[in-house]
Amino acid sequence: MKTIYTYEAKRQELIRRLRKIEGQVKGIARMIEEGQYCLDILIQVAATRAALHKVGMMVLEGHVHGCVTRAVSEGAGDEVIDELMKVIEKYTKG
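Numbering (my numbering), first residue to last: 1304 to 1397.
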């Protein structure tokens, strides 16, 4: 049986966003290859990082509303919340 993840409903939007981010990264590489102005490159890096952060937040929101909520209702909340907090710590270090 296939596992259905809580981001499933937003899968197409997530993929669309990631493809756009992929294009942004290629654009940044092209800017560097062409020797464009440093600050213009940094602005594009910041925009790409913000877009990637949004994808992460969408996945996190799905996880909290689905996986965490389900685990709490099944009596396994502490374990799942501890796991989530470790991931959030890693996620926010960047």
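From the three backbone atoms N, C-alpha and C, an ideal C-beta is built for every residue, glycine too.
Just so we're clear, the structure is a prediction, and the values are computed from it rather than from any experiment.
Using a Cβ-Cβ cutoff of less than 6 angstroms, which residues in the same chain neighbour H1366 once the five nearest sequence positions on both sides are dropped?
Reading the sequence shown from its first residue, position 63 is the one you call residue 1366. Once the five neighbours on either side are set aside, the close Cβ partners of H1366 are T1309.
Helix, strand or coil: which one does DSSP assign to A1257?
Lying before the first or after the last residue shown, residue 1257 is absent from the chain, which here runs from 1304 to 1397.
Would you be able to state if there are at least three C-beta pairs under 8 angstroms between the segment 1367-1377 and the segment 1325-1345?
Cβ pair count under 8 angstroms is below three, so no.
Simplified DSSP state of A1379, which is helix, strand or coil:
As a first step, residue 1379 is located in the sequence shown; it is residue number 76 there, counting from the start. Coil at A1379, not helix or strand.
Starting from the C-beta of H1359, find all residues in its chain whose C-beta is less than 8 angstroms away, skip the five residues before and the five after it, and write them out in chain order.
Within the sequence shown, the letter at position 56 stands for residue 1359. Position check: residue 1359 holds Gly in this sequence, whereas His was assumed. Y1394, listed in sequence order.
Keeping to the same chain, check which residues put their C-beta closer than 7 angstroms to that of V1371; ignore five residues upstream and five downstream.
Walking along the sequence shown from the start, residue 1371 turns up at place 68. Result list for V1371: V1383, I1384, L1387, in chain order.
May I ask which residues mark the beginning and end of the alpha helix (DSSP H) holding E1325?
Reading the sequence shown from its first residue, position 22 is the one you call residue 1325. Note, E1325: alpha helix (DSSP H), 1314-1336.
Spatial neighbours of Q1327 in its chain, beta-carbon cut-off 6 angstroms, leaving aside the 5 residues before and after:
Here residue 1327 is taken as the residue at index 24 of the sequence shown, counted from 1. Cβ neighbours of Q1327 beyond the five flanking positions: T1351.
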